[in-house]
Every structure is written in structure tokens, then in C-alpha cells.
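*Asks:* First the structure, then my questions, so here it is.
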Ligand SMILES: Nc1ncnc2c1ncn2[C@@H]1O[C@H](COP(=O)(O)OP(=O)(O)OP(=O)(O)O)[C@@H](O)[C@H]1O
């Protein structure tokens, strides 16, 4: 049974948050809440502010007005970079490291011991279905396999929130669908909430909860304070 959202911890909350680049208000008056375990697609045309919104959510850009807080993430995700992880459009794997070494790297940088990081990396690769590719170099992977490795890297540290910016933008439709399914399943298994920005209606259609950006304005649907969560 799904818990009422009032009982679900709020990870990120924004009240009339605004982000500017010079005089451009790339995100304005954004009011929303992201709760534990939610899965949200953010749609909108190019330049509408999706990436900027995701950067705000991840604490990578400051607000110029309004507020953004992270009550369920120690109050500030910058205190522990494994609380929120990011998946980019390009997998951005380090070419000189094997797949498993790429997945381990953020854990090692976060101070985890090598055996613990290795175990977490193996488990994450198995979770996304590419355990057998652990010793390949990134150049030896297909686009979909490389993005699965990037998903494994994002979930290995068991973050509370995964933010993915057009993670399937460079993939064919069928492969994109599989990668999104993997990302959703992996987030669920790892107990992480998931926010995905996408142009692609088919990708957005895989999410029960959809937000929309238009010229810097955010339209949340369903309204964050009135609807019971169904990830
Ligand atoms: N670093 C920056 N400096 C100046 N303007 C920026 C910067 N980043 C984004 N912008 C502008 O802010 C607006 C929103 O950009 P953003 O990248 O958030 O849109 P988007 O919806 O993610 O677009 P796309 O789908 O093409 O990635 C655009 O007008 C963009 O040109």
C-alpha cells in the first residue's frame, strides 16, 4: 500500500525559486516539493529551463530569489555529494578506466574503502544488467550499455535522489525505452527518488508524475500538496 505523501519525507522543497543568468530569468517562481521515492519527468522545449531547474534541485546553481531547501538531505546536498547523483545526456565515463572502475570512482572519492566500493559497484552493475561488462573499457560499449554504466555509477552510492538530464537524448527510441526502464527500476531498488528532464514524449509517458517547463515557468502536475504519491 502506498503511504500518504504527508508521511513521506520531503527531500527538496522550493518556494518561488528563481535562477538568473544575467538579466535572463531561466527559472522563475518555481514552487515544488520532491518526496522520497517519487519519480518525476520534466518536459519542455529546448531552452525552457529544464537543465537549470535540475541544477537548482541538485544544489549546483544558487537561487537569485525565493528559496530552495533540502530537508530530507541533511539540509544541504553539498555536505555529502552521494546524497544526490546526476546522470548526464552523454555517459561521461573516463576512457582510461574500466567500467567497474568508473562505477567505483565516486565512492572512492567520497571516502569509501576500496573493498566496500568494489562490492557496491558490482551490485550496481548487476542491478542494471551489465555485470558481465565490468572489465570492458568505455570505448568498447554501445551507447545504451555506456548509459547503463552511467546509471550504475549514479546508483552505486545509494543516493536519496537521482537527477538525470536528457539521459537518453542520444539513443534510439527502443534503447532509450530500455535505459529509462532500467533507471526507474534501479532508482526504485536503491530507494532513490528520480527526476528526469526530457524532450521525448515517449520517455515522459513512462512517468506517472510529469512537470512541464515553459519559458522559465514550472507547471507541476499533479499539484505537489494535493495528490497522493504513486511513484
Ligand atoms: N550558463 C548559462 N549562461 C547563460 N545563459 C544560460 C546558461 N545556461 C542556460 N542558459 C539559458 O537559460 C535558458 C534555459 O536553459 P536550459 O539549459 O535550462 O534549458 P533546457 O530546457 O534544459 O534546454 P535544452 O533542452 O536545450 O537542454 C536558455 O535561454 C539558455 O540559453
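Numbering (this note's numbering), first residue to last: 404 to 634.
Even for Gly, the Cβ is constructed at its ideal location relative to N, Cα and C.
1. With burial defined as no fewer than 16 other Cβ atoms inside 10 Å of the residue's Cβ, what is the status of residue 617: buried or exposed?
2. So, does the segment 412-430 touch the segment 608-622, judging by three or more C-beta pairs under 8 Å?
3. Could you check the C-alpha separation between residue 450 and residue 503 for me, to the nearest Å?
4. Using the C-alpha atoms, what's the distance from residue 484 back to residue 499?
5. Specify which residues have a beta carbon nearer than 5 Å to any heavy atom of ligand 1, listing them in chain order.
6. Assign residue 541 to one of two classes, buried (16 or more other C-beta atoms within 10 Å of its C-beta) or exposed (fewer than that).
7. Measure the CB-CB distance between residue 443 and residue 612 and report whether it falls below 9 Å.
8. Excluding the 5 residues preceding and the 5 following residue 623 in the sequence, name in chain order all residues of the same chain whose CB lies nearer than 7 Å to its CB.
9. Sort 460, 557 and 529 by Cα distance to residue 413 and report the nearest one.
10. Return yes when at least one heavy atom of ligand 3 lies under 8 Å from the C-beta of residue 423, else no.
11. What are the boundary residues of the alpha helix (DSSP H) that includes residue 592?
12. Using DSSP bridges, identify the partner residues of residue 533.
13. Going by alpha carbons, who is nearest to residue 411 out of 441, 422 and 418?
14. Our contact map puts residue 536 next to residue 506 with C-beta atoms below 8 Å; I'd like the distance itself, whole angstroms only.
15. Examine the Cβ distances between the segment 543-553 and the segment 509-525 and report whether three or more of them are shorter than 8 Å.
16. What are the boundary residues of the alpha helix (DSSP H) that residue 455 is part of?
17. To the nearest angstrom, how far is the alpha carbon of residue 466 from that of residue 480?
18. When we look at the beta-carbon of residue 605 and count the other beta-carbons within 10 Å, is it buried (16 or more) or exposed?
19. Opposite residue 424 in the DSSP bridges: which residues?
20. Between the C-alpha atoms of residue 490 and residue 565, what's the straight-line distance to the nearest angstrom?
21. Put residue 550 into one of helix, strand or coil per three-state DSSP.
*Replies:* According to the structure shown:
1. Residue 617 sits at position 214 when you count from the first residue of the chain shown. Exposed is the call here.
2. Using a Cβ-Cβ distance cut-off of 8 Å, the segment 412-430 and the segment 608-622 are in contact, since at least three pairs of beta carbons, one from each stretch, lie closer than that value.
3. Counted from its first residue, the chain shown places residue 450 at position 47. Counted from its first residue, the chain shown places residue 503 at position 100. Whole-angstrom Cα-Cα distance: 35 Å.
4. Along the chain shown, read from residue 1 onward, the residue named residue 499 stands at position 96. Along the chain shown, read from residue 1 onward, the residue named residue 484 stands at position 81. Spanning the two alpha carbons is a distance of roughly 23 Å.
5. Spelled out in chain order, the answer is 424, 429, 449, 450, 451, 452, 453, 454 and 455.
6. As a first step, residue 541 is located in the chain shown; it is residue number 138 there, counting from the start. By the neighbour-count rule (16 or more Cβ atoms within 10 Å), residue 541 is buried.
7. Along the chain shown, read from residue 1 onward, the residue named residue 443 stands at position 40. Along the chain shown, read from residue 1 onward, the residue named residue 612 stands at position 209. It is a contact, given that the beta carbons lie within the stated cut-off.
8. To locate residue 623, count along the chain shown from 1; it is residue 220. Closer than 7 Å at Cβ, skipping near neighbours: 435 and 614.
9. Here residue 413 refers to the residue found at position 10 of the chain shown. It is 460.
10. Absent from the structure shown: ligand 3. Ligands present: ligand 1.
11. Here the question's residue 592 lines up with position 189 in the chain shown. Residue 592 -> alpha helix (DSSP H) spans 576-593.
12. What you label residue 533 is simply residue 130 of the chain shown in a count that begins at 1. Answer is none; residue 533 lacks a bridge partner.
13. The sequence position of residue 411 within the chain shown is 8, counting from 1. When each option's Cα is compared against that of residue 411, the closest is 441.
14. Your numbering for residue 536 matches position 133 in the chain shown. Your numbering for residue 506 matches position 103 in the chain shown. So it is not a contact: roughly 11 Å between Cβ atoms.
15. Judged by Cβ distances under 8 Å, the segment 543-553 makes no contact with the segment 509-525, as fewer than three pairs qualify.
16. Here residue 455 refers to the residue found at position 52 when the chain shown is read from its first residue. Under the DSSP assignment, residue 455 falls in the alpha helix (DSSP H) whose first and last residues are 453-460.
17. Taking the first residue of the chain shown as position 1, residue 466 is located at position 63. Taking the first residue of the chain shown as position 1, residue 480 is located at position 77. Each residue's alpha carbon lies about 15 Å from the other.
18. By 1-based counting over the chain shown, the position of residue 605 is 202. By the neighbour-count rule (16 or more Cβ atoms within 10 Å), residue 605 is not buried but exposed.
19. Against the chain shown, residue 424 aligns to sequence position 21. According to DSSP, residue 424 bridges with 427.
20. In the chain shown, the residue the question calls residue 490 occupies position 87. In the chain shown, the residue the question calls residue 565 occupies position 162. Approximately 7 Å between the Cα atoms of the pair.
21. Reading the chain shown from its first residue, position 147 is the one you call residue 550. Residue 550: helix per DSSP, three-state reduction.
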